[in-house]
Amino acid sequence: MRLTSAIALLLFIWVPLAGALADDSDKPFAEAHIVLQLADGDEESQGRVLSVANNLIKHYGGPDFVDIEIVAYGPGISLLYPGSPNAERISSLLVNGVRFVGCGNTLSTIERKTGQRPELIPEAILVQTGVARLVERAADGFVVIRP
């Protein structure tokens, strides 16, 4: 009887946890859920983040087997500007299901300083606070990496 109770308790804990990852993703077969942090605006850092995302897709055997999100804030937000030097690479990753998230607080700060709010690529997901998104994703079971 104790074994049955232990199994029931394990399922009670595990099923909601597994569901939390699956509910927010359109990749039910993903073996890994990864969020890449981008706070640097230089081309080398931005290129590195995009390379890491591409390498992860290859490592896991295709885009269906890894769930990747790139969160850009601070100077890193420039990755998501229309006409970015990395536009082709971003398009390729978008086709492979990588999500790009931009920080609304960063955009508001830029607007206060320059008088103009930057535009982001239409595919970008806008959140209020980029760093809070990282915290939320970590709580959801995502691995947070800063390449």
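Counting the sequence shown from 1 gives a position; the working numbering is that position plus 92. Where a beta carbon is used, it is the ideal one built from N, C-alpha and C, also for glycine.
N-terminal and C-terminal residue of the alpha helix (DSSP H) that residue i is part of
i, result
"V227", "G222 to A231"
"I217", "That residue, I217, is in no alpha helix (DSSP H); its beta strand (DSSP E) goes I217 to V219."
"I149", "E135 to H151"
"G154", "First-last for G154: undefined, no H or E at that position."
DSSP three-state assignment for residue i, whether helix, strand or coil
i, result
"R191", "strand"
"Q129", "strand"
"E123", "coil"
"I213", "coil"
"D118", "coil"
"G175", "coil"
Contacts around residue i, its chain only, beta-carbon distance under 6 Å, and the 5 residues preceding and following it disregarded
i, result
"R140", "P239"
"G222", "V163, Y165 and C195"
"R209", "L199 and E203"
Range covered by the beta strand (DSSP E) that runs through residue i
i, result
"I169", "Where I169 is concerned, there is no enclosing beta strand (DSSP E), given that its DSSP letter is neither H nor E."
"I237", "V235 to I237"
"D159", "V158 to A164"
Cβ distance (whole Å) where residue i is taken to contact residue j below 8 Å
i, j, result
"I213", "I182", "7 Å"
"A131", "F157", "That belief does not hold up - the Cβ atoms of A131 and F157 are roughly 27 Å apart, past 8 Å."
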